[in-house]
Every structure is written in structure tokens, then in C-alpha cells.
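Structure first, then comments.
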Amino acid sequence: MELSPAEYEETTMYQKKCAHDFVNNIVSQNKEYDIIVDLGCGTGYLVDLLSQSVKHKRIVGVDVSPDMIAFAEQNHKPMDSVQYLVQDLSQSWDSLSPELKALESKVSLIVSDFVIHWFPDKSRLMHVVSKLLAKNGEFVANNVRTPDVMSLLTSDQIQRYNIQLSAGETGLALSSALILRGLIQWGVRQSTEVESQMTSVERIIEYSKLPQEAALTAHDSHKPPPDWPQAGQIEFKDMSLCYKGSDKLVLKCLNCVINSGEKIGICGRTGAGKSSIISALFRMVEPRGQIIIDGINTGSIGLRDLRSVISIIPQDPVVFTGTVRKNLDPTGEYSDQRIWSALEEVQLKGPVGDLPGQLDSLLAEEGANFSVGQRQLVCLARAILRHNRVLVLDEATANVDHQTDALIQTTIRHKFSDCTVFTIAHRLNTIIDCDRVLVLDAGEIIEFDEPFVLLQRKGQLYDMCRKTGKHMFNHLINMAKESHLKRNNTTEYEEE
Numbered sequence: 001m002e003l004s005p006a007e008y009e010e011t012t013m014y015q016k017k018c019a020h021d022f023v024n025n026i027v028s029q030n031k032e033y034d035i036i037v038d039l040g041c042g043t044g045y046l047v048d049l050l051s052q053s054v055k056h057k058r059i060v061g062v063d064v065s066p067d068m069i070a071f072a073e074q075n076h077k078p079m080d081s082v083q084y085l086v087q088d089l090s091q092s093w094d095s096l097s098p099e100l101k102a103l104e105s106k107v108s109l110i111v112s113d114f115v116i117h118w119f120p121d122k123s124r125l126m127h128v129v130s131k132l133l134a135k136n137g138e139f140v141a142n143n144v145r146t147p148d149v150m151s152l153l154t155s156d157q158i159q160r161y162n163i164q165l166s167a168g169e170t171g172l173a174l175s176s177a178l179i180l181r182g183l184i185q186w187g188v189r190q191s192t193e194v195e196s197q198m199t200s201v202e203r204i205i206e207y208s209k210l211p212q213e214a215a216l217t218a219h220d221s222h223k224p225p226p227d228w229p230q231a232g233q234i235e236f237k238d239m240s241l242c243y244k245g246s247d248k249l250v251l252k253c254l255n256c257v258i259n260s261g262e263k264i265g266i267c268g269r270t271g272a273g274k275s276s277i278i279s280a281l282f283r284m285v286e287p288r289g290q291i292i293i294d295g296i297n298t299g300s301i302g303l304r305d306l307r308s309v310i311s312i313i314p315q316d317p318v319v320f321t322g323t324v325r326k327n328l329d330p331t332g333e334y335s336d337q338r339i340w341s342a343l344e345e346v347q348l349k350g351p352v353g354d355l356p357g358q359l360d361s362l363l364a365e366e367g368a369n370f371s372v373g374q375r376q377l378v379c380l381a382r383a384i385l386r387h388n389r390v391l392v393l394d395e396a397t398a399n400v401d402h403q404t405d406a407l408i409q410t411t412i413r414h415k416f417s418d419c420t421v422f423t424i425a426h427r428l429n430t431i432i433d434c435d436r437v438l439v440l441d442a443g444e445i446i447e448f449d450e451p452f453v454l455l456q457r458k459g460q461l462y463d464m465c466r467k468t469g470k471h472m473f474n475h476l477i478n479m480a481k482e483s484h485l486k487r488n489n490t491t492e493y494e495e496e
């Protein structure tokens with residue numbers, strides 16, 4: 001049955017698409033071939049693509065019809081690396097055999113459906129194809145229809161073992177081969193799906209075995225009063241801490257009392273345990289011993305009850321994707337007037353007021369439309385809005401400029417004057433005027449007193465200040481002395 005012009009054009013376009021897909025697959029392997037043989041090259045379209053795209057030394061295009069080769073040579077520019085064998089293969093197959101025998105070292109056999117359907121002496125064809133399959137390392141099938149390749153492989157096995165089959169048995173063999181192909185494909189797909197799903201199950205099991213945090217809320221009998229804490233006094237009693245998977249203590253039996261409203265600076269060398277104190281305070285890691293805030297052991301209450309009454313301004317500012325309002329007041333507790341007042345305290349009222357939606361303006365992921373200093377001020381405004389009795393500054397000014405640093409320090413002294421403040425030091429000038437400085441070394445408290453007193457003792461804090469340079473050292477000494485005199489309402493310091 002002859003194809004209509006539209007059907008012929010559709011078939012041709014489909015074959016060209018298959019040829020392009022096949023060549024792209026070969027190119028992606030990034031291999032170089034000595035000789036490429038196209039059995040049944042037809043119009044030469046595939047040979048043309050291969051010669052332009054695939055690394056090769058020689059391409060052999062074989063076809064049963066000299067007219068087809070003549071048509072290809074008229075429509076495609078001849079290439080030196082392409083050789084067409086224009087022969088009547090049914091009469092002169094022997095002339096082709098030396099060409100195929102020369103391919104025993106390395107070959108990529110490209111089979112199209114033309115030879116299978118048109119070649120008269122199929123047994124001789126199968127014999128040569130079997131030799132190529134047996135002696136060479138690679139078999140590449142470029143077929144328009146999968147049944148053609150299955151027919152080739154099935155016929156090859158029949159010819160190889162000289163099996164005598166009837167037409168019905170041959171059809172059954174081909175049908176079984178196609179079914180087997182589908183089953184193999186289904187099996188591979190299912191095995192991949194099972195592996196993917198089992199990975200998910202494995203992760204869920206792993207997550208389910210992770211140690212659980214304590215309850216968010218405690219039983220009513222252990223629930224703190226609604227106005228807790230009122231003073232902000234903190235006491236560490238034999239408090240030690242070690243991280244999961246290690247028996248080594250990073251904090252060792254700390255005992256100290258932080259008075260209500262005191263400003264405490266925490267310093268020490270790298271690994272001394274400065275940030276570990278904050279982890280213990282928030283119960284990110286459950287400590288040993290006791291941490292008591294205003295007479296209540298923090299280990300006996302819920303995590304939400306504890307963490308909601310302690311504010312923190314971290315070194316890396318935390319800004320969420322959402323509106324300015326949601327970042328400052330995620331629970332919706334405060335009025336717009338309170339929010340604007342907090343922004344004014346940190347000098348962000350102008351920048352936020354210039355935004356198109358003001359408080360309802362969206363902040364980009366991680367606050368990308370704000371500078372690092374402005375993101376840190378957003379965290380400070382959040383702390384001002386909540387005004388908890390305990391505030392933690394975890395090296396909050398380490399990544400900001402000196403102007404923003406000065407603004408943060410001034411705002412904290414003014415707005416949190418009645419609060420207990422912990423400041424982990426990155427720059428010593430941020431803690432040198434604190435009420436007391438706690439110096440840690442290897443998880444132990446080495447020094448704990450007023451900064452000026454510690455400098456007079458010439459201990460570890462003194463050594464750390466000396467390493468900042470002569471000019472900065474003198475500046476730190478003067479700052480500590482001025483703060484000491486102001487705190488004690490005296491004009492001179494009397495050495496003990």
C-alpha cells in the first residue's frame with residue numbers, strides 16, 4: 001500500500017527525529033570510533049549526521065539499492081571520510097566480506113530496518129552480523145521501530161543454531177521476545193522505584209531514631225508563673241555540658257551567680273566554651289547540674305516556656321522570607337505603633353518607611369534586600385519589641401561595621417538597662433565596660449570580676465588586651481577605668 005504525501009512526509013520527519021536522537025546519544029558518550037558501518041543507509045541522512053557529529057576515521061554506508069545511493073550523493077555533499085558501497089548485495093556479498101572482516105578490531109555497528117526487510121539472502125546477512133556481534137566490543141542499534149531490532153536478534157539466534165521453525169513458531173518467538181523486552185524494562189523501572197522509595201524509608205527510620213528534645217510545655221505543676229522572670233537573676237550550680245557522641249566535657253562544673261540587671265561579658269580563647277554556655281542556657285543541649293532563673297530550675301519547665309523569655313541576637317542575623325511585620329512580630333502580639341517605635345530605636349524607621357508596602361513589604365530570602373548591618377538591626381528591633389528580662393548577644397557585632405556596632409551597643413545600654421545581658425565578645429571593647437567579665441579556659445571559669453579589677457590582676461584578660469596592640473590596650477584600660485569609677489561613684493581608684 002502506497003503512502004500518501006502527507007503520510008510519507010510524517011514518516012520521514014519521524015525517522016529524521018529518531019536519527020537526531022540517536023546521534024545525540026552517541027555524541028554524549030564522547031567516544032572515538034575507527035570505522036562506523038551503516039547497514040541500510042537509505043538516503044544517507046544518518047551517515048551525514050554521523051560524519052559531522054561523531055569522532056571517527058571512516059564511515060561505511062551499505063545499501064542494497066544503487067538508486068538510493070545516487071539520490072544521497074545528489075542531495076548531500078560528498079565527504080572524504082564517507083564511503084558508500086554501491087553493490088547489489090544479493091549477487092556480490094563476497095565483495096563486502098573483506099570490508100566487514102577489517103572491522104574486527106573495533107566497530108560500532110549501526111543497523112537500520114532497510115537491510116532486514118530488503119536484503120534477499122538473509123541467512124548470509126545473519127552470519128556476518130553474528131561474527132560482528134561475537135568479535136567486536138559494541139553493538140549500537142539505530143532503529144525506527146523496536147520490532148525490527150528484535151526481529152534481527154531473534155533471527156540471528158535462529159540462524160546461529162540452525163533451528164527449523166514454522167511461521168507460527170517464528171511469530172511466537174518474536175512475540176515472546178517483545179514481551180520479554182517489556183518485562184525487563186518494567187523490572188528495571190520497578191527496581192529503580194523500589195530503591196528510591198527505600199531510601200525515603202531509610203531516612204524516615206533514621207530521623208525517628210534521633211534523640212528527642214524535651215517537651216515544649218511542661219505539666220501544670222511545673223509551669224512557671226505568667227510574669228516569670230521578673231528580675232532576671234541567673235545561677236549556675238555545678239553546671240557541666242558535653243555534646244552528643246562525646247564524653248568530653250566542654251563546660252566543667254560552673255558555679256556562679258548573675259545578679260538581676262547585670263551586664264556580663266564572656267570571653268576566652270577559641271574552644272573555651274563561650275557559645276556552649278548559650279547552648280546550655282537555651283537547652284539546645286541538655287546540661288548537667290542546674291541553671292536557675294529567678295528561683296526556677298530551667299530543666300524542669302517546657303522548652304517553649306524557657307526559650308520564649310530569653311532573647312538572642314546571633315552573630316549571623318536570622319531574617320525570614322515574609323513581611324517586615326512577620327519578621328518583627330511573628331505571633332501578631334504587638335500594635336503597629338509598638339513596631340514603628342522599635343524600628344525607630346534602631347534607626348530603621350526611615351528605610352522601612354521608604355518601602356512600597358512599609359510594614360507589609362516582603363523581605364527576600366534571608367533578607368537579601370537588606371544589608372548585613374540592617375539585618376542585624378532587624379534582630380535587635382525584634383528583641384526590643386519583646387523586651388525579655390534576659391538578653392544574649394552571641395558576637396552580634398562581629399560582622400558589622402563600627403558605626404552599626406556603636407549603634408547596637410548604645411541601644412542595648414539604653415533599652416536593656418534593667419535587663420540581664422550576656423555578651424559573648426569578639427571585640428574586647430564591647431565587654432570592657434560590662435559590670436563583670438567571665439573569662440573561660442577549657443570549659444572552666446578562670447576569672448570573674450569587674451574588667452578593671454581583672455586588668456589590675458594581670459591575668460588572662462590582661463594578656464588578651466595586650467595582644468590587641470599598644471594603642472588599643474591603652475584605650476581598653478581607660479574604658480575599663482572610667483566604667484569602674486562611674487559604677488562605684490568615685491573619682492579615683494584605690495589599689496588593694
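Residue numbers (the UniProt record's numbering): 1 to 496.
Even for Gly, the Cβ is constructed at its ideal location relative to N, Cα and C.
(request) From the DSSP output, in three-state form, read off R288 for me. (result) One-based indexing of the sequence shown puts residue 288 at position 288. Looking at R288 - three-state DSSP - the assignment turns out to be strand.
(request) For G322, name the three-state secondary structure that DSSP assigns. (result) Your numbering for residue 322 matches position 322 in the sequence shown. In the structure shown, G322 sits in a strand (DSSP, three-state: E or B).
(request) In angstroms with no decimal places, state the Cα-to-Cα distance between residue 503 and E262. (result) What the structure shows of the chain is the stretch from 1 to 496, and residue 503 is not part of that stretch, so it cannot be assessed.
(request) Could you please give the first and the last residue of the uninterrupted beta strand (DSSP E) stretch that includes C379? (result) Indexing the sequence shown from 1 puts residue 379 at position 379. That residue, C379, is in no beta strand (DSSP E); its alpha helix (DSSP H) goes V372 to R386.
(request) Sort E365, G271, D305 and L377 by Cα distance to Q315 and report the nearest one. (result) Locating residue 315 in the sequence shown gives position 315, counting from the first residue. That would be L377, whose Cα lies nearest to the Cα of Q315.
(message) Rounded to whole angstroms, what is the Cα-Cα separation between P317 and N25?
(response) Stepping through the sequence shown from its first residue, residue 317 is reached at position 317. Stepping through the sequence shown from its first residue, residue 25 is reached at position 25. Going from the Cα of P317 to the Cα of N25 covers about 48 Å.
(request) Can you grab the Cα-Cα spacing for the pair G443 / A280, in whole Å? (result) Sequence index remark: in the sequence shown, residue 443 carries index 443 (1-based). Sequence index remark: in the sequence shown, residue 280 carries index 280 (1-based). The alpha-carbon atoms of G443 and A280 are separated by roughly 13 Å.
(request) Let me know the beta strand (DSSP E) ranges lying completely inside the region 218-245, each 3 residues or longer, listed in chain order. (result) DSSP runs (the beta strand (DSSP E)) wholly in the region 218-245: 234-241.
(request) Give the DSSP-derived three-state secondary structure of I432 in the structure shown. (result) Residue 432 sits at position 432 when you count from the first residue of the sequence shown. If DSSP states are grouped into helix, strand and coil, I432 belongs with coil.
(message) Rounded to the nearest angstrom, what separates G245 and F236 at their Cα positions?
(response) Against the sequence shown, residue 245 aligns to sequence position 245. Against the sequence shown, residue 236 aligns to sequence position 236. Roughly 24 Å separates the two Cα atoms.
(request) State yes or no: is the C-beta of V319 within less than 7 Å of the C-beta of L363? (result) Taking the first residue of the sequence shown as position 1, residue 319 is located at position 319. Taking the first residue of the sequence shown as position 1, residue 363 is located at position 363. Contact: yes.
(message) Whole angstroms are fine: how far does the CA of G265 sit from the CA of F370?
(response) The sequence position of residue 370 within the sequence shown is 370, counting from 1. The sequence position of residue 265 within the sequence shown is 265, counting from 1. Spanning the two alpha carbons is a distance of roughly 29 Å.
(request) May I ask which residues mark the beginning and end of the alpha helix (DSSP H) holding C465? (result) Along the sequence shown, one-based indexing puts residue 465 at 465. From DSSP, the alpha helix (DSSP H) with C465 extends over Q460 to R466.
(request) Compare the Cα-Cα distances from G459 to each of K470, M472 and I445 and report the closest residue. (result) Numbered from its first residue, the sequence shown carries residue 459 at position 459. Of the candidates K470, M472 and I445, I445 places its Cα closest to the Cα of G459.
(request) My understanding is that L428 touches T468, with C-beta atoms under 8 Å, so please give their C-beta distance in whole angstroms. (result) Here the question's residue 428 lines up with position 428 in the sequence shown. Here the question's residue 468 lines up with position 468 in the sequence shown. Taking a contact as a CB-CB distance under 8 Å, the pair L428 and T468 counts as one, their CB atoms being some 6 Å apart.
(request) Give me the Cα-Cα distance between E193 and R203, rounded to the nearest whole angstrom. (result) As a working note, residue 193 is residue 193 in the sequence shown. As a working note, residue 203 is residue 203 in the sequence shown. The alpha-carbon of E193 is positioned some 16 Å away from that of R203.
(request) Please look up how many angstroms separate the CB atoms of I463 and G268, rounded, as I've assumed it's under 8 Å. (result) Numbered from 1 along the sequence shown, position 463 holds the residue referred to as residue 463. Numbered from 1 along the sequence shown, position 268 holds the residue referred to as residue 268. Position check: residue 463 holds Asp in this sequence, whereas Ile was assumed. Their Cβ separation, rounded to whole angstroms, is 12 Å, which puts D463 and G268 out of contact at 8 Å.
(request) Under 8 Å by Cβ, that's how I've got D238 and G289 pegged, so tell me the actual separation to the nearest angstrom. (result) The residue labelled residue 238 in the question sits at position 238 within the sequence shown. The residue labelled residue 289 in the question sits at position 289 within the sequence shown. D238 to G289, Cβ: 4 Å. Contact.
(message) With DSSP as the reference, identify every bridge partner of T420, one or two as the case may be.
(response) Position 420 of the sequence shown, counted from the first residue, corresponds to residue 420. In DSSP, T420 forms a bridge with V390.
(message) Let me confirm a value: G353 is counted as buried when at least 16 other C-beta atoms fall within 10 Å, else exposed. Which label applies?
(response) If you number the sequence shown from 1, residue 353 lands on position 353. Looking at its Cβ environment, which holds fewer than 16 other Cβ atoms inside 10 Å, G353 is exposed.
(request) Tell me, please, which residues DSSP counts as bridged to S311. (result) Along the sequence shown, one-based indexing puts residue 311 at 311. Per DSSP, the beta bridge partners of S311 are L391.
(message) For a test of the three-state rule: what should DSSP assign to F473, helix, strand or coil?
(response) Counting from one through the sequence shown, the residue named residue 473 turns up at place 473. Helix at F473.
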